[in-house]
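Asker: Here it is, the structure in full.
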Amino acid sequence: MSAAARTEPSPPPSPASPSRARAFVRDYLSFNNRYLPPFLITCILLAGQVQYGFLESFTRTLLAIAAAVALELALSRTIVGKWPHLASAYITGISVGILLRSPAFWPYVMCAWISIASKYAIRWRGRHLYNPSNLGVSVMFFLAPGVAAPLSVQWGNTIWPMVVVWIVGSLIIWRLRRFHVCATYAASFVGLSFVRHLLTGEPWLAQVAPITGPMYQLFIFFMITDPPTTVRSRKGRMLVAFLVALVEMFLRLDRVVVAPFYALFLVGPPALAVDLWLRDRRAKPEAKPAPAAA
589 MSAAARTEPS
599 PPPSPASPSR
609 ARAFVRDYLS
619 FNNRYLPPFL
629 ITCILLAGQV
639 QYGFLESFTR
649 TLLAIAAAVA
659 LELALSRTIV
669 GKWPHLASAY
679 ITGISVGILL
689 RSPAFWPYVM
699 CAWISIASKY
709 AIRWRGRHLY
719 NPSNLGVSVM
729 FFLAPGVAAP
739 LSVQWGNTIW
749 PMVVVWIVGS
759 LIIWRLRRFH
769 VCATYAASFV
779 GLSFVRHLLT
789 GEPWLAQVAP
799 ITGPMYQLFI
809 FFMITDPPTT
819 VRSRKGRMLV
829 AFLVALVEMF
839 LRLDRVVVAP
849 FYALFLVGPP
859 ALAVDLWLRD
869 RRAKPEAKPA
879 PAAA
């Protein structure tokens, strides 16, 4: 080896390692990570089950998750032709396990399958219209009320479970930039509860109380704010949230216990369909008249 070769300075270290480290932090430890919502909702499930045992059983919840993931894999591979990202299927399965109460096992499988199948069967202009887990539990509550009931008072009357849900839900809403949806729905619910108080004569606090329960907390943070099934504009999302609360008010006047799920089922998909139709209509260029013949 020549002297010039021996004295030549070594090349600078490659910046690949710091770049990869920064990419890891950005992709896995930031609020933009798609695994963050599944992780946070899993924390809610574990905290609630360990402290209060609010699940029907871990077995039923795991069964719902397995059914949702298996059908997602099968339908995506068969219909779309590629393997799916399983975060959405996991959230659907765990939501079914939390929200559904049943002594039997089959309602959890059926609810998970209905939820996942709706993403591929009920579509409009390339988008699925229904929030999967909301559709699944709504169908089960309507068709099988004898074996399927909603999450109700399994967390008791203590405030700490609600604090956990509020913190975790706020992190997710901050990531999704959907806090205005939660605020609009909550304000509308409180305001319309006073209308229910005037119409029924029942105490106003009794009309407001349901929104503090675990079922409503999960509904507000994880269903009504779902990005794939909400309209595009900020004002449109706020209008839809108000309409959901309004329809729910009439359902609650009829003593419907699962009114929020039914209200979102009735309002959300038509609003999204109209939004997609208007978006496509505005995107199409206006036809120009043909030039007159000479």
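Note that the numbering used here has the sequence shown beginning at 589, numbered continuously upward. Where is the CB? At the ideal position from N, CA and C, for every residue including glycine.
Buried or exposed for T788, please, with buried defined as at least 16 other CB atoms from any protein chain shown within 10 angstroms of its CB.
Answerer: As a position in the sequence shown, residue 788 is number 200, starting the count at 1. Counting Cβ neighbours within 10 Å, T788 comes out exposed, since fewer than 16 surround it.
Asker: Quick check on R784: buried or exposed, where buried means 16 or more other Cβ atoms within 10 Å of its Cβ?
Answerer: For this step, residue 784 is matched to residue 196 along the sequence shown. By the 10 Å Cβ count, R784 comes out buried.
Asker: Using 7 Å as the cut-off, classify the Cβ of L628 as near or not near the heavy atoms of the ligand FMN, replying yes or no.
Answerer: Among the ligands in the structure shown, none appear at all, so the ligand FMN cannot be discussed.
Asker: If I measure Cβ to Cβ from V844 and keep anything under 8 Å in the same chain, skipping five residues before and after, which residues do I get?
Answerer: Locating residue 844 in the sequence shown gives position 256, counting from the first residue. Cβ neighbours of V844 beyond the five flanking positions: Y850.
Asker: Tell me whether the beta-carbon of W712 lies closer than 8 Å to the beta-carbon of L864.
Answerer: Here residue 712 is taken as the residue at index 124 of the sequence shown, counted from 1. Here residue 864 is taken as the residue at index 276 of the sequence shown, counted from 1. Yes; because the gap between Cβ atoms is below 8 Å, this pair is in contact.
Asker: Hey, out of Q805, A732, F810, whose CA is closest to Y678's CA?
Answerer: Stepping through the sequence shown from its first residue, residue 678 is reached at position 90. That would be F810, whose Cα lies nearest to the Cα of Y678.
Asker: Using 10 angstroms around the beta-carbon of L723, count the other beta-carbons present and answer buried if the total reaches 16, otherwise exposed.
Answerer: Taking the sequence shown and counting its residues from 1, one reaches residue 723 at position 135. That one is buried.
Asker: Quick one: what's got a C-beta closer than 8 Å to D868's C-beta in the same chain, skipping five residues either side?
Answerer: Translated into the one-based positions of the sequence shown, residue 868 becomes position 280. These residues qualify, in order along the chain: R713.
Asker: With DSSP as the reference, label Y616 as helix, strand or coil.
Answerer: Along the sequence shown, read from residue 1 onward, the residue named residue 616 stands at position 28. Any reading at Y616 needs caution, since the residue's pLDDT is 47, under 50, leaving its predicted position unreliable; the model's value is listed next. It is helical.
Asker: Using the C-alpha atoms, what's the distance from P672 back to R554?
Answerer: Residue numbering for the chain in the displayed model covers 589 to 882; residue 554 lies beyond these limits and cannot be assessed.
Asker: In the structure shown, what three-state DSSP assignment does H785 receive?
Answerer: For the purposes of this step, residue 785 is taken as residue 197 along the sequence shown, with counting starting at 1. H785 falls in the helix class under three-state DSSP.
Asker: When the Cα atoms are used, what is the spatial distance from S683 to A705?
Answerer: Working through the sequence shown from its first residue, we reach residue 683 at position 95. Working through the sequence shown from its first residue, we reach residue 705 at position 117. Cα to Cα, S683 sits roughly 16 Å from A705.
Asker: Please classify K707 as buried or exposed, where buried requires at least 16 other C-beta atoms within 10 Å of its C-beta.
Answerer: The residue labelled residue 707 in the question sits at position 119 within the sequence shown. Label assigned to K707: buried.
Asker: Please report how far the alpha carbon of P798 lies from the alpha carbon of A871, in whole angstroms.
Answerer: Along the sequence shown, one-based indexing puts residue 798 at 210. Along the sequence shown, one-based indexing puts residue 871 at 283. Taking the straight line joining both Cα atoms gives about 42 Å.
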